[in-house]
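Peer 1:
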């Protein structure tokens with residue numbers, strides 16, 4: 012197994028790592044509710060689960076029936 016001949020200094024190591032950056036997630040605005048959410052993700056708004064402007068799950072109906 013290969014081993015380095017010399018120790019890599021902290022400065023040299025950190026120079027190599029400068030390109031690793033955290034990027035802010037892309038956020039979209041829902042056309043139906045106006046809520047901000049992550050792209051390609053369903054989101055809750057007032058007890059309803061929305062995806063692409065359509066209701067997937069409605070918790071308010073379930074609570075009223077129970």
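Residue numbers (our numbering): 12 to 77.
Even for Gly, the Cβ is constructed at its ideal location relative to N, Cα and C.
Please report the residue range of the beta strand (DSSP E) in which residue 40 lies.
Peer 2: 38-40
Peer 1: Within 10 angstroms of the Cβ of residue 50, are there 16 or more other Cβ atoms? Answer buried if so, exposed if not.
Peer 2: exposed
Peer 1: Counting Cβ pairs, one atom from each stretch, are 3 or more of them under 8 angstroms apart for the stretch 60-67 and the stretch 38-52?
Peer 2: yes
Peer 1: Does DSSP put residue 32 in a helix, in a strand, or in coil?
Peer 2: coil
Peer 1: Could you round the C-beta distance between residue 67 and residue 53 to whole angstroms and report it? I think they count as a contact, below 8 angstroms.
Peer 2: At roughly 6 angstroms, the Cβ-Cβ gap stays under 8 angstroms, so residue 67 and residue 53 are in contact.
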